[in-house]
Each structure stands twice: as C-alpha cells, then as structure tokens.
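Asker: In the working numbering, the protein residues as written are 2 to 521. Glycine included, each C-beta is placed from N, C-alpha and C at the ideal position. Got a structure here, written out as structure tokens. Questions coming.
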Amino acid sequence: MRALNVLLSIVVSVLIFLLVFEGGLRLIGKGPPQTLNRFDPALGWSKEPNKSLSRHGNGWEATFELNALGLRDDPMSSSGKTRPFRVVALGDSFTLGFTVQREDLFVDLLEKKWQAEGRDLDIVNTGTEGYSTDQEAAWLDRHGADYQPNLVLVFPYENDIFWCGEAHYLRFPKPQYEPDGRPTGALLADPGPKTLADRFAVASLGSKLLGLRPDLDRYCEVPGNPKLRSEFAPLLRTPPPFVAQAMARAKGSLSALSKRCAALGAKLVVVPIPSHSAVDPAFADEFGTKVLRVSRGEWSPDLPVDFYLSASKELGIATIDTRPDLKAAHSADRPAYLHMFKDREWHFTAHGNHAFAAAVAAGLDAGALPKATGAPVEIPEEHVAKALPKWPFVLGGLWLVLSLVYGATYPKSPKIQGFLVVGVMLSLVVGIFLGVAKLTELVPARFQSLIIIGFLLTVLGFVVYKLGARLLTVGELLKAFIGRGHWYLMPLVVVLLTIGSLLVVAASSPFVAPFIYTLF
Numbered sequence: 002m003r004a005l006n007v008l009l010s011i012v013v014s015v016l017i018f019l020l021v022f023e024g025g026l027r028l029i030g031k032g033p034p035q036t037l038n039r040f041d042p043a044l045g046w047s048k049e050p051n052k053s054l055s056r057h058g059n060g061w062e063a064t065f066e067l068n069a070l071g072l073r074d075d076p077m078s079s080s081g082k083t084r085p086f087r088v089v090a091l092g093d094s095f096t097l098g099f100t101v102q103r104e105d106l107f108v109d110l111l112e113k114k115w116q117a118e119g120r121d122l123d124i125v126n127t128g129t130e131g132y133s134t135d136q137e138a139a140w141l142d143r144h145g146a147d148y149q150p151n152l153v154l155v156f157p158y159e160n161d162i163f164w165c166g167e168a169h170y171l172r173f174p175k176p177q178y179e180p181d182g183r184p185t186g187a188l189l190a191d192p193g194p195k196t197l198a199d200r201f202a203v204a205s206l207g208s209k210l211l212g213l214r215p216d217l218d219r220y221c222e223v224p225g226n227p228k229l230r231s232e233f234a235p236l237l238r239t240p241p242p243f244v245a246q247a248m249a250r251a252k253g254s255l256s257a258l259s260k261r262c263a264a265l266g267a268k269l270v271v272v273p274i275p276s277h278s279a280v281d282p283a284f285a286d287e288f289g290t291k292v293l294r295v296s297r298g299e300w301s302p303d304l305p306v307d308f309y310l311s312a313s314k315e316l317g318i319a320t321i322d323t324r325p326d327l328k329a330a331h332s333a334d335r336p337a338y339l340h341m342f343k344d345r346e347w348h349f350t351a352h353g354n355h356a357f358a359a360a361v362a363a364g365l366d367a368g369a370l371p372k373a374t375g376a377p378v379e380i381p382e383e384h385v386a387k388a389l390p391k392w393p394f395v396l397g398g399l400w401l402v403l404s405l406v407y408g409a410t411y412p413k414s415p416k417i418q419g420f421l422v423v424g425v426m427l428s429l430v431v432g433i434f435l436g437v438a439k440l441t442e443l444v445p446a447r448f449q450s451l452i453i454i455g456f457l458l459t460v461l462g463f464v465v466y467k468l469g470a471r472l473l474t475v476g477e478l479l480k481a482f483i484g485r486g487h488w489y490l491m492p493l494v495v496v497l498l499t500i501g502s503l504l505v506v507a508a509s510s511p512f513v514a515p516f517i518y519t520l521f
C-alpha cells in the first residue's frame, strides 16, 4: 500500500507539472490549433456540420456557426434551391472568412448587394480552410448536382499552386487532378483520430524536441535560402522543377471545374485572390527579406495571380483581376490585409473584404447575374468598428484591484501610495514585455519564437539563481511527501512551495519583484 501511495504521489506531481506547462503554452499561443475540419473520403476533409468555433487576434474576432450542411452560411435544411438563381462560391480560408464576422465577409456582402438590387438569388459559401483548387473541383464534382448552381465563383490563392501538386496537406490526404483535367482516382485513407501531439501542446513540444514528430510543412532549397517553404516557390521567377508539375495540376483542376460547370449548365468565373505583397510594395520588401530571403528581382508577388489569369484564359474561363481595386483601397491607415509579422495573420481585414467584394461586383459581367429590378446598390463601408484591444481594460482592472488590496493590507499608508506603487510595478512589467515584443518584430520570423523562449528562460534562470540552495530544500520537502505517500496533499504542497519560492525571490531582487507581486 505504501508503494502505491508513493507511486500516486509521483504521478500527481508529474500531472501538476504537465497541467501547468500545458496552460502556459496555451497562454502564449502555442496551444494545439482549433479546426472546423474532419476527414472526408472524397475531399480529404470537410467542415463538421453544426460546429461552432471562435477565433480572435489583434483587433479582430471571427465566430463560426456552421449550418447542418457544414457551411458557414444561413441555416439550410437541404442543398436544393430556394431561389431561381444560385451562386456557389468555392475557395479556402479567405472565402470562409477566417478573420471576420459574416457581416464583413465578401461572400455575404455580395449576396446582400445583389439581393438589395432585386436579383432573386442566393450565394452558397463552401469556403474551407486549407482547400486548394483541386479540392474545389472535387467539391463541385461531388456536390454540384445537389446544389444546382447557375454561377460558380472560384477564389484561388497563391499557395493553391503548390498544394495542387501534393497528395497530402498536413495529416490529411487530398484529391488531385491530372494536367488534362482527369481525377487521379487515388483512394483517400482516413488518417485516424488526432494524436496526443495534435491534442496537447506539451505532447506536441515534446515530440518535436525528441524528433518523434516530422515537420509536416514542405521545404525546398533555393539560392540564398536553404529552407524555403515550398508553397512560396511559385513566387520565384526561376522556381524549382516541382513547380512546373504543380502548375500543370492546378491548370488541370481549372479544366475539371470548367468541364463540370459546362455539364451543370453553370457559368464559371475565376477570381484569384492577391496576396498582401501583391498589393503593398512596402510589405513585399519586408516579406522578401524576412521570409523568402532572395533579392527583389528574383521573385514577384504577381506571378501566382498571373498564372491563374493566363491559365483560365487558355481554357476559355472568365476571370476578374482585383489587384487595381485592392491597391487603391489599401493604405497604412486602412489596410486591406492583416500583417503577417505584427498580427500573425495574412487574411483580409474587414476593410479588405469590403474592397474585394466591390472589385468582384464591378468586374463581373452583368449578364452573369439575373436582371436587377431595383436601383444599383454599392458595397457599404465596413460598419463593424475595429475591436478594442482588451489588454488596457485587463491592465486597468488589475491596477484597481491590486491598489485596493494594497490599501487594505497597509491601512496606515497614504491612500494614494497603493495606486502609485502598483502603477509603477505594472508599468515596469508591461514596459519589459512590450520591449520584448518590439524586439521580436525586428528579427526574421524564424528567430522570433527563440527570442520569446530565451526571455522566459532568462527570467526562470534568474529565479533559480536567486533561490540557490533553497531549491535543495524544496526538493527535500517534495521527496519527503512523496516518500510518505501523501499523494492527496501533493497539489497543496506544490502550490504552497511555488508561492513561497516566488516570495523569497521577490524579497531578494528588486528586478524580479514587480513581476511576482503583479502575479499575486
């Protein structure tokens, strides 16, 4: 029995450590990614019906409420038409609206505009995270007859080219098309349930450090950059050989879309989505330096868009080039895109969605839609105000609470003293963290996580240094409790020892004290 209690004490101690570590990783944004997707034997993956999910970032928030058909769209009991004319929108996370609410998503904006003009139609948004042009063709092959579109709008992004040449995306298999537009017919095997590394941040980190989890991203070597992400290779003026095959398959996917639309009696229009670099020269310079690491003359952000426009033209498919409109709408004050290095995102902003919707509406042949019975309606300016950052409110609330606690703890001190002391400590903590954040923006993206980890290790190392020999005492106490088999007391012991250790460090170091007192 004693041996069992000792074992339980060890297990509880390890679990506490893992839970705290897991929480810390999730707190700094290193948790497992959330997804709407599940395995699909025909498409590789598709969105899970009736699933809900929320995403948020620097000044943006997106809530996903999927309907019974697995679409980010209005409630639908079946795929059958409810209006005489139907538009189907095919695309990836841009079309899904990865960083905006539906009222600011270009697909919904187009639907509202056209309906307000008296056009009796609806738009079905099939946008799915990670899809490339081949999967959009496969979706239309599988579901086109059920949804009966009159118009199909396809919105490819630059990384579609590379992924059209790949049979897997991350852990999922995916369908492909031959250059002549025929499906390869490869069987898509279910990858099975998520592994522990896909479910828990600690397991993911551990597997990477031990080399047990392969890097699922693809890389290639080019002059000047020995490890370029392969999905960026189509941006190079002299790309690696595999890009030609990927382009052939991407064109084959367009051919498959064209043939399927012809069979359905639907008009097909391809609208390539330009990248941030294709719209903003200043960002293009930053992207080329930090990510591609090749000279400006060796790559062009316009190449993927030009490829889709030219390939579509050769196949007799109508196209819309939205670059001029997006360039006119984009500015430093009102960017069309979130910033890859500052916001950790690259999708459209709300403003970018509105500008893109206006460009699509202006570029679409009037004959492609049913006749309007009302006056023309413009795409409105984005009406959703940019979300206020939450940290000032959190910081203000923390300052108020800690100041009141300080006053209650030291009632003989002047009332203003608590507000001043706590304010100075919080300002010091925030200043240091903001400094580290700004420092990370100045270095290439591949080194940014190292700076954050280095900063955390430095603080942790300082705490360990200040504890010194007291760590041996802490270890002896833990060993004693484990040896006596008091496993049920381990959570309390760990918490008390942690608090005591931090207070010891706070009392011995004015540098670390503000952090620790702020924590309490």
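Where does the unbroken alpha helix (DSSP H) through Trp140 begin, and where does it stop?
Answerer: Counting along the chain, the alpha helix (DSSP H) containing Trp140 begins and ends at 134–148.
Asker: Report all residues from its chain with a CB closer than 6 Å to the CB of Phe288; omit the five preceding and five following residues, and keep chain order.
Answerer: Within the same chain, Phe288 has close Cβ partners Ser278.
Asker: Which whole-angstrom value is the C-beta distance of Lys114 and Ile321, which I expect to be below 8 Å?
Answerer: In fact, because the Cβ distance is near 15 Å, the residues do not count as touching under 8 Å.
Asker: Straight-line CA distance for Ser301 to Arg238?
Answerer: Cα to Cα, the separation comes out at about 7 Å.
Asker: From Ala43, Arg230, Phe22, pick the residue whose C-alpha is nearest to that of Arg219; which is it?
Answerer: For Arg219, the nearest C-alpha among the options comes from Arg230.
Asker: Have a look at the DSSP bridge pairing and note the partners of Asn38.
Answerer: Per DSSP, Lys48.
Asker: Classify Leu365 as buried or exposed, calling it buried when 16 or more other Cβ atoms lie within 10 Å of its own Cβ.
Answerer: Looking at its Cβ environment, which holds 16 or more other Cβ atoms inside 10 Å, Leu365 is buried.
Asker: Distance check for Leu97 and Ala358, CA to CA, integer angstroms please.
Answerer: Taking the straight line from one Cα to the other gives about 14 Å.
Asker: For Ala249, does the three-state DSSP call read helix, strand or coil?
Answerer: Three-state DSSP puts Ala249 in a helix.
Asker: Keeping to the same chain, check which residues put their C-beta closer than 7 Å to that of Ala351; ignore five residues upstream and five downstream.
Answerer: Answer for Ala351: Val101, Asp105, Glu383, Val385, listed in chain order.
Asker: Bridge partners for Ala63 per DSSP, in chain order?
Answerer: In DSSP, Ala63 forms a bridge with Arg56.
Asker: Beta-carbon within less than 8 Å of Ala190's beta-carbon, same chain only, minus the 5 sequence neighbours each way: which residues are those?
Answerer: Cβ within range, chain order: Pro174.
Asker: Mind checking Leu222: buried by the 16 CB within 10 Å criterion, or exposed?
Answerer: Sequence inspection shows Glu at residue 222; the Leu mentioned does not correspond to that position. Burial call: exposed.
Asker: Return the chain-ordered ranges of every alpha helix (DSSP H) run that is complete within the region 357–441 and spans a minimum of 4 residues.
Answerer: Correct list: 392–410.
Asker: Does the beta-carbon of Gly317 have 16 or more other beta-carbons within 10 angstroms, so that it is buried, or is it exposed?
Answerer: The residue is exposed, with fewer than 16 neighbouring Cβ atoms inside 10 Å.
Asker: So, under 8 Å CB-CB, Ile274 and Phe163 are touching, yes? Tell me the CB distance rounded to an integer number of Å.
Answerer: That pair is no contact at about 15 Å.
Asker: My parser needs the beta strand (DSSP E) runs of 3 or more residues fully inside the region 80–130; what are they?
Answerer: Runs found: 86–92, 122–126.
Asker: Per DSSP, what are the beta-bridge partners of Arg230 in this structure?
Answerer: For Arg230, which the question treats as bridged, DSSP gives the partners Tyr220.
Asker: By the DSSP assignment, the beta strand (DSSP E) with Leu154 in it spans what residues?
Answerer: Where Leu154 is concerned, the enclosing beta strand (DSSP E) stretches over 152–156.
Asker: Looking at the structure shown, is Trp300 part of a helix, part of a strand, or coil, going by DSSP?
Answerer: Of the three classes helix, strand and coil, the one that applies to Trp300 here is strand, per DSSP.
Asker: For Ala204, which residues from the same chain have a beta carbon less than 7 Å from its beta carbon, with the 5 sequence-adjacent residues on both sides left out?
Answerer: Excluding residues within five positions, the ones whose Cβ falls inside 7 Å are Leu197, Ala198.
Asker: At a cut-off of 6 Å, is Leu401 close to the ligand FAD when judged by its beta-carbon and the heavy atoms of the ligand?
Answerer: In the structure shown, the ligand FAD is absent, as is every other ligand, since no ligand is present at all.
Asker: Applying the 10 Å Cβ sphere with the 16-neighbour rule, what's the burial state of Ser296?
Answerer: Its Cβ having fewer than 16 others within 10 Å, Ser296 is exposed.
Asker: Please work out which residues of its chain come closer than 6 Å, Cβ to Cβ, to Phe420, disregarding the five sequence neighbours upstream and downstream, and give them in chain order.
Answerer: Ser404.
Asker: By the three-class DSSP mapping on this structure, what secondary structure does Leu339 have?
Answerer: Note: Leu339 maps to coil in three-state DSSP.
Asker: Quick check: the Cα distance between Pro34 and Ser53, rounded to an integer number of angstroms?
Answerer: Approximately 15 Å, taken between the alpha carbons.
Asker: Is Lys195 helix, strand or coil by DSSP?
Answerer: Of the three classes helix, strand and coil, the one that applies to Lys195 here is coil, per DSSP.
Asker: Out of Ala333, Leu16, Arg183, Leu8, which has the shortest C-alpha to C-alpha gap to Asp142?
Answerer: Cα-wise, what sits closest to Asp142 is Arg183.
Asker: Rounding to the nearest angstrom, what Cα-Cα distance links Glu112 and Asp75 in this structure?
Answerer: If you take the alpha carbons of Glu112 and Asp75, they lie about 12 Å apart.
Asker: Name the two residues that bound the continuous alpha helix (DSSP H) containing Lys480.
Answerer: Run containing Lys480: 471–484, per the alpha helix (DSSP H) assignment.
Asker: Could you check the C-alpha separation between Ala330 and Val280 for me, to the nearest Å?
Answerer: Answer to the nearest angstrom: the Cα atoms are 9 Å apart.
Asker: Could you work out which residue in Thr83, Asn38, Ser276, Gly45 is closest to Arg547 when comparing CA atoms only?
Answerer: What the structure shows of the chain is the stretch from 2 to 521, and residue 547 is not part of that stretch, so it cannot be assessed.
Asker: So what's Ala267 in DSSP terms, helix, strand or just coil?
Answerer: It is coil, neither helix nor strand.
Asker: Residue range of the alpha helix (DSSP H) that Asp75 falls in?
Answerer: Run containing Asp75: none; DSSP gives neither H nor E here.
Asker: To the nearest angstrom, how far is the alpha carbon of Val494 from that of Arg200?
Answerer: If I take the Cα positions, the gap works out to 29 Å.
Asker: Contact between the region 116–124 and the region 55–64: three or more CB pairs below 8 Å?
Answerer: Touching, no, given that fewer than three Cβ pairs across the two stretches are closer than 8 Å.
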